[in-house]
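Notes follow the structure.
In the numbering used here, the protein residues as written are 72 to 253.
Put into structure tokens, the structure is as follows:
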């Protein structure tokens, strides 16, 4: 596996070694000892999966306080643009983001540490998206930043009229109004 720290400290792209032949492929998608060597100790406690159609945008979500979550995400079918936004007020990269295209073909993974808002938009007809998390979902501590916040100015890679949002994702706060991490 190749671990590549991004331009925001703590955010990592992980590229697995893939062994292919005419029968298909094999890859190791996670090994605790390798992960800890580069990223650090993280105790993942749950795996989640979602299926979405083109244009579905989920995010920018996070949980506050002791309920914050780190995530290790990847795509097993299709492609998405995955985004992590630094919402740590004291960080030199506060309000900046990392965007990575994750596809079933490139098999890249993105590690999103605590203190970041996270979201993705589906670029293919459908996408199956999986993620490991290190803390349980606590609905009373969930928060979101609006996907279109002009101070963050994320280029989602598709036109705004293609974007499909849930009611929750239409009502996120601006970064300047959000509950943030210190």
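Glycine included, C-beta positions come from ideal geometry on N, C-alpha and C.
- Starting from the Cα of residue 122, find the closest Cα among 102, 72, 200 and 101 and give me that residue. Translated into positions along the chain shown, residue 122 becomes position 51. Ranking 102, 72, 200 and 101 by Cα distance to residue 122 puts 200 first.
- Task: Can you tell me which of the three DSSP states residue 104 falls into?
- Result: Here the question's residue 104 lines up with position 33 in the chain shown. Of the three classes helix, strand and coil, the one that applies to residue 104 here is helix, per DSSP.
- Could you work out which residue in 149, 115, 174 and 169 is closest to residue 75 when comparing CA atoms only? Residue mapping note: residue 75 aligns to position 4 of the chain shown, counting from 1. If we check each option's Cα against that of residue 75, 169 comes out closest.
- Task: Using beta-carbon positions only, say whether residue 82 and residue 155 come within less than 7 Å of one another.
- Result: Here residue 82 refers to the residue found at position 11 when the chain shown is read from its first residue. Here residue 155 refers to the residue found at position 84 when the chain shown is read from its first residue. It is a contact, given that the beta carbons lie within the stated cut-off.
- Task: Would you kindly report the start and end of the unbroken alpha helix (DSSP H) that includes residue 240?
- Result: On the chain shown, residue 240 is found 169 positions in, with the first residue counted as 1. Counting along the chain, residue 240 sits inside the alpha helix (DSSP H) bounded by residues 238-241.
- Would you check if there are 3 or more beta carbon pairs closer than 8 Å linking the stretch 128-147 to the stretch 214-222? Taking one beta carbon from each stretch, the stretch 128-147 and the stretch 214-222 have 3 or more pairs nearer than 8 Å; the two touch.
- 7 Å Cβ cutoff, residue 101 in contact with chain B: Going by chain labels, chain B is absent from the structure shown, which holds only one protein chain.
- Message: Using 8 Å as the cut-off, can you tell me whether the stretch 196-214 makes contact with the stretch 129-148, which would need three or more C-beta pairs spanning the two stretches below that distance?
- Response: In this structure the stretch 196-214 touches the stretch 129-148; the number of beta carbon pairs closer than 8 Å is three or more.
- Return the Cβ separation of residue 132 and residue 213 in integer angstroms, given the expectation that the two are a contact with Cβ distance under 8 Å. Taking the chain shown and counting its residues from 1, one reaches residue 132 at position 61. Taking the chain shown and counting its residues from 1, one reaches residue 213 at position 142. The Cβ separation is near 7 Å, so the contact holds.
- Item | Candidates 245, 99 and 90: closest to residue 222 by CA position | On the chain shown, residue 222 is found 151 positions in, with the first residue counted as 1. Taking each of 245, 99 and 90 in turn and checking the Cα distance to residue 222, the smallest one comes out for 245.
- Message: Is the beta carbon of residue 150 closer than 7 Å to that of residue 100?
- Response: What you label residue 100 is simply residue 29 of the chain shown in a count that begins at 1. What you label residue 150 is simply residue 79 of the chain shown in a count that begins at 1. In terms of Cβ geometry, residue 100 and residue 150 do not form a close pair [threshold 7 Å].
- Shortest alpha-carbon distance to residue 182 belongs to which of 91, 97, 251 and 107? One-based indexing of the chain shown puts residue 182 at position 111. If we check each option's Cα against that of residue 182, 107 comes out closest.
- Item | For residue 109, the three-state DSSP class (helix, strand or coil) | Along the chain shown, one-based indexing puts residue 109 at 38. Here residue 109 sits in helix by DSSP.
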